Every structure is written in C-alpha cells, then in structure tokens.
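Under the numbering used here, think of the first position of the sequence shown as 20, with each following residue one higher.
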Amino acid sequence: MKQFNFYKQKGVSMVEIVVAMVILSIGLLGVASLQANTLKYLKASNYRSEASQAVYEIADRMRANFMAIQVKTPAGTIIYPNFYSYQTAYSATVASLPTVPPCAVPISCTPKEVADKDVAEWLRNLGTRMNGGAGNISQNANGGYDIYVMWKEVNYTALDPSCPNGTPPSPGAGVRCIKLSITP
C-alpha cells in the first residue's frame with residue numbers, strides 16, 4: 020500500500036503577510052492624515068480664540084477710557100471726541116507694528132494719549148500673538164464701533180466675507196477676520 024505524505028501548513032504564506040501589511044499601512048496612513056488635520060484645525064481654532072479675546076480686550080480698554088470715545092446725545096451733539104479710530108491697510112500694519120507712545124505718569128495722561136497707547140499695545144499684541152495679526156477700529160452709523168481682528172491662516176486662499184471692504188482696502192486672499200460691533 021502506498022502511503023501519501025501530506026505536508027501540513029506550518030505558518031502563514033507570503034501573500035497573507037503582504038495583505039496584512041497593506042491593510043496595516045492603509046490604516047496607519049489614515050491615522051496620520053487624521054492627526055495632521057487635527058493639528059491644522061486646532062491652530063485655526065486657537066487663532067479664532069485669540070482674535071475673540073483681542074476684540075474684547077480693546078473693547079474693555081475703550082470703555083475704561085470713556086472720554087476718548089465719541090458719544091452723542093439723543094439730539095446728536097458730540098460730547099467727547101473719537102480717539103480710538105484706527106483704519107490702516109492690513110499690509111501696512113503687518114509690515115511695521117506701531118511703537119507704543121510713552122505716557123510718563125499714567126494718572127496724568129490725557130484721554131488721547133491713553134487711546135494712542137491702548138491701540139498701539141493692542142496692535143503689537145496682535146502682531147506677536149497671531150500669524151499676520153492686525154486690526155481696525157472704526158465708528159459705525161449707530162454711534163458704536165466696529166472692531167476687526169485679522170490674521171493669516173495657513174492653507175486658506177479665499178477672500179473672507181467677514182473682512183472689511185472699502186477704506187482701508189480689503190486685506191485680500193488668505194486672511195481671516197472676526198468683527199465685533201460695540202456700543203459704549
């Protein structure tokens with residue numbers, strides 16, 4: 020009688036190893052892509068948070084120096100002048116941050132000196148806290164103020180509809196903006 024020697028499989032074939040490696044590599048690429056997108060969106064979220072904080076910071080400074088913001092009576096009479104308006108083109112603000120004017124004794128500073136110092140410090144903080152950080156402050160038709168914070172966002176190439184248009188010119192493509200309107 021003839022005896023057949025059947026070999027039993029002892030391990031996995033090379034094809035099974037290759038298939039497992041392909042599946043594992045696709046999974047790892049997916050995880051790496053997820054991690055990269057998470058970091059990108061985390062940075063964008065951080066800039067939005069910084070921008071919101073900066074808007075409220077200058078709004079609080081304006082309210083604290085109430086004699087430097089323009090206030091009108093119901094009859095339309097202007098009580099105080101407007102020292103907080105700052106409208107400069109985005110590219111000019113980013114190119115050279117303003118110097119903070121000295122005010123020797125803070126108690127004896129005029130409202131205009133305090134306003135100039137507040138705006139300069141605010142703009143310098145924006146420039147250091149955010150990539151391409153800048154801002155504008157303008158008086159609106161309701162007697163309040165529109166405060167814009169602008170920054171460059173990585174991989175963003177469109178025009179943000181939240182950015183100011185007109186004078187000063189729009190900051191252009193790739194710049195994100197946040198706006199807050201306040202009434203002192």
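By construction, the Cβ of each residue, glycine as well, lies at the ideal position given by its N, Cα and C atoms.
Quick caveat: nothing in here was measured; it's all calculated off a predicted structure.
Three-way DSSP call (helix, strand, coil) for Val194 in this model: In the structure shown, Val194 sits in a strand (DSSP, three-state: E or B).
Residues bridged to Gly163 (per DSSP): In the DSSP output, where bridge partners are listed per residue, Gly163 has none listed.
Spatially closest choice to Met169 from Leu199, Tyr60, Ile42 and Pro121, by CA coordinates: Leu199
Asp179 versus Ile166, Gly151 and Ile197, residue with shortest Cα-Cα distance: Ile197
DSSP beta-bridge partners of Asn155: Tyr167
Close beta carbons around Pro117, own chain, < 6 Å, minus the five adjacent residues each side: Ala139 and Leu142
Inter-stretch contact at 8 Å, needing at least 3 Cβ pairs: the stretch 51-71 / the stretch 185-193: no
Burial state of Val37 (16 or more Cβ within 10 Å): exposed
Cα-Cα separation between Pro183 and Ala111, rounded to whole angstroms: 15 Å
Alpha-carbon spacing of Gly114 relative to Gly152, whole angstroms: A small fix is needed here, since residue 114 is Ala in this sequence, not Gly. Ala114 and Gly152: Cα-Cα distance of roughly 10 Å.
Within 7 Å, strictly: CB atoms of Ile166 and Ile77: Yes, these two residues count as a Cβ contact at 7 Å.
For Tyr99 and Met7, believed in contact at Cβ under 8 Å, the rounded distance: There is no way to answer for residue 7, as the model of the chain reaches only from 20 to 203.
Beta strand (DSSP E) segments (min. 3 residues) lying fully within the stretch 54-116: 97-99
Range of the contiguous alpha helix (DSSP H) that encloses Gly146: Pro130 to Arg148
Close-in-space but distant-in-sequence residues of the same chain around Thr129 (CB under 6 Å, 5 per side omitted): none
Rounded C-alpha distance that separates Val119 from Asn159: 26 Å
Arg80 versus Arg148 - alpha carbon distance: The alpha-carbon atoms of Arg80 and Arg148 are separated by roughly 18 Å.
Coarse secondary structure for Ser200, derived from DSSP in three states: Strand.
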